[in-house]
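Presented below is the structure to which this report refers.
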């Protein structure tokens with residue numbers, strides 16, 4: 001399958017280059033927060049007031065940018081940044097890390113919800129419904145950038161990425177696999193679950209489905225993705241960092257069901 005060779009720069013405004021990667025983050029956040037606000041207004045079971053996500057916008061941006069950048073630095077290459085501290089600000093060179101951005105948004109949501117008496121798990125359920133939108137767009141941008149490529153393969157849909165570091169050999173388009181699984185599939189599954197008023201009323205179940213579903217999808221795709229230089233035991237870093245997501249997801253399910261049992265006793 002030929003690589004499309006789309007220019008990573010979408011357009012320029014004077015000396016400033018606007019890249020597809022940045023647009024993907026902006027569009028993903030904007031669409032996700034817009035959809036989240038609609039869900040909050042239409043479904044009282046979540047317990048989230050209308051307009052809550054409009055006010056959360058700046059919190060979400062800060063959580064994604066700070067968490068994503070710190071995640072890229074601390075989780076994947078801390079030694080390099082200790083030796084080159086000014087490179088911390090060179091976002092265009094090594095970008096963001098999903099797990100860091102995810103944790104940043106979770107912390108932002110906790111800080112935002114608590115003083116406003118917004119149920120954090122209900123808020124998280126709505127975020128679970130819309131987060132795959134952003135994941136999908138960012139993974140497509142990763143593909144356009146020709147980065148985070150997969151392992152060598154002779155599959156008929158293999159892609160030869162133009163980056164010299166890819167070695168000029170056919171590779172799995174793992175970015176597209178992630179877009180399909182973590183973006184499209186996860187979006188469909190969670191939003192089908194969300195059609196049930198009973199599930200919407202059990203705060204935390206949809207968030208758990210997202211955590212577990214993402215961990216499974218990411219773990220599977222990692223078998224086709226070119227791994228980082230160092231592993232954590234037998235796991236790639238992407239797999240290892242997804243394990244806590246799955247464990248938290250399972251724990252939240254038990255917590256939610258236990259709270260339900262207490263309420264009915």
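Residue numbers (the working numbering): 1 to 265.
Here a beta-carbon is modelled for each residue, glycine too, at the ideal position from N, C-alpha and C.
Only a predicted model underlies this, so the values are computations on that prediction, with no experimental measurement involved.
query	result
The stretch 97-109 touching the stretch 65-76, judged by at least three CB pairs closer than 8 Å	yes
Paired residues, beta bridge with residue 17 - DSSP	12
Distance, residue 54 Cα to residue 36 Cα	9 Å
Every unbroken alpha helix (DSSP H) inside the stretch 54-93 [4 residues or more]	57-71, 78-83
Boundaries (first-last residue) of the alpha helix (DSSP H) holding residue 50	Taken as a continuous stretch (DSSP letters only), residue 50 belongs to no alpha helix (DSSP H), as it is neither H nor E.
Inter-stretch contact at 8 Å, needing at least 3 Cβ pairs: the stretch 32-49 / the stretch 197-213	yes
Host alpha helix (DSSP H) of residue 221 (start-end)	205-221
Residue 200: first and last residue of the uninterrupted alpha helix (DSSP H) it sits in	197-201
Close Cβ partners of residue 1 (< 6 Å) along its chain, the five nearest in sequence each way excluded	157, 159
Cβ-Cβ distance between residue 206 and residue 113 below 8 Å	no
Cβ separation of residue 249 and residue 211, assumed to be a contact under 8 Å, to the nearest whole Å	3 Å
Which listed residue (231, 139, 123) has its alpha carbon closest to that of residue 24	139
Minimum C-alpha distance to residue 166 - residue among 174, 154, 149	149
Under the three-state DSSP convention, the category residue 168 falls into	coil
Cβ neighbours of residue 265 in the same chain (closer than 6 Å, five flanking residues each side left out)	In this predicted model, residue 265 has a pLDDT of only 48, less than 50, meaning its place in the structure is not dependable; the value taken from the coordinates is given anyway. Correct list: empty, nothing qualifies.
Cβ distance (whole Å) where residue 252 is taken to contact residue 204 below 8 Å	5 Å
Residue 7, buried or exposed, once every other Cβ within 10 Å from all chains shown has been counted against 16	exposed
Contact set for residue 105: own chain, Cβ-Cβ below 7 Å, skip 5 residues either direction	60, 63, 64, 67
Beta-carbon proximity check, residue 215 vs residue 188, cutoff 8 Å	no
Length of the line joining the Cα atoms of residue 31 and residue 136	12 Å
Close Cβ partners of residue 193 (< 7 Å) along its chain, the five nearest in sequence each way excluded	199, 206, 209
Proximity winner among 196, 191, 145, 195, relative to residue 176 (alpha-carbon distances)	145
Proximity test, Cβ basis, 8 Å: residue 223 and chain B	No chain B is part of this structure, which consists of one protein chain only.
Alpha-carbon to alpha-carbon, residue 134 and residue 102	11 Å
Residue 40 classed as buried or exposed, judged by whether at least 16 other C-beta atoms fall within 10 angstroms	buried
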